[in-house]
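Here the numbering used here is used: the first residue of the sequence shown is 26, the next is one more, and so on. We put the beta carbon where it would ideally sit given N, CA and C, even for glycine. Note that the structure is predicted; figures quoted are calculated from it, not measured. Right, one structure below, let's go through it.
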Amino acid sequence: MARHAQHSVRQDSFGELYGTPRQAAAAYRWAWLSLLLFPVSLVAAFAVGEGLFTSLGSGGANTAQPLWVVLCSSVPAFVVFALPAVLAYGLGHRAVRLGRRSGMTPAIVAVAISIAFVLQNVLAYVAQLAFGPSG
Numbered sequence: 026m027a028r029h030a031q032h033s034v035r036q037d038s039f040g041e042l043y044g045t046p047r048q049a050a051a052a053y054r055w056a057w058l059s060l061l062l063f064p065v066s067l068v069a070a071f072a073v074g075e076g077l078f079t080s081l082g083s084g085g086a087n088t089a090q091p092l093w094v095v096l097c098s099s100v101p102a103f104v105v106f107a108l109p110a111v112l113a114y115g116l117g118h119r120a121v122r123l124g125r126r127s128g129m130t131p132a133i134v135a136v137a138i139s140i141a142f143v144l145q146n147v148l149a150y151v152a153q154l155a156f157g158p159s160g
């Protein structure tokens, strides 16, 4: 009978995973590499947001838009943009569980990028309400 190789990731009596330093390093590296998906998610978020904005029959870019139109078009775009942050969090958390203490660093960076994106768009909308549309 052939013996099957044991997986090197094991579970202790409390259900915590632990593995080799190599597996922790791989999860950490993939967490950092997941940040490279932000340019792709930016383009996808722009397509989703603008597509919904246009399909909701907005009056044009130079007119004040109702809040419901802005929310219905921007919230899905924010979710699409934040997908790399979700991936970085999952991989960073896995790296921490496997023994890499600094595993959450890429997740913190990704969440900061996502929050900055949301704040930039919210502040642009507030500025448009306060000072009128540009153009």
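Query	Result
Measure the CB-CB distance between residue 96 and residue 59 and report whether it falls below 9 Å.	no
Taking 9 Å as the cut-off, decide whether the C-beta atoms of residue 66 and residue 105 are in contact.	yes
According to DSSP, is residue 26 helix, strand or coil?	Interpretation of residue 26 is limited by its pLDDT of 47, a score under 50 that renders its predicted location unreliable; no figure is taken from the coordinates.
Roughly how many angstroms lie between the CA atoms of residue 156 and residue 150, to the nearest whole one?	10 Å
In its own chain, which residues sit with a C-beta less than 6 Å from the C-beta of residue 70, not counting the 5 before and 5 after it?	102, 105 and 106
Consider the C-beta atom of residue 139 and the heavy atoms of the ligand ATP; say whether any pair is separated by less than 8 Å.	For the ligand ATP, the structure offers nothing, since it holds no ligand at all.
Would DSSP call residue 137 helix, strand or coil?	helix
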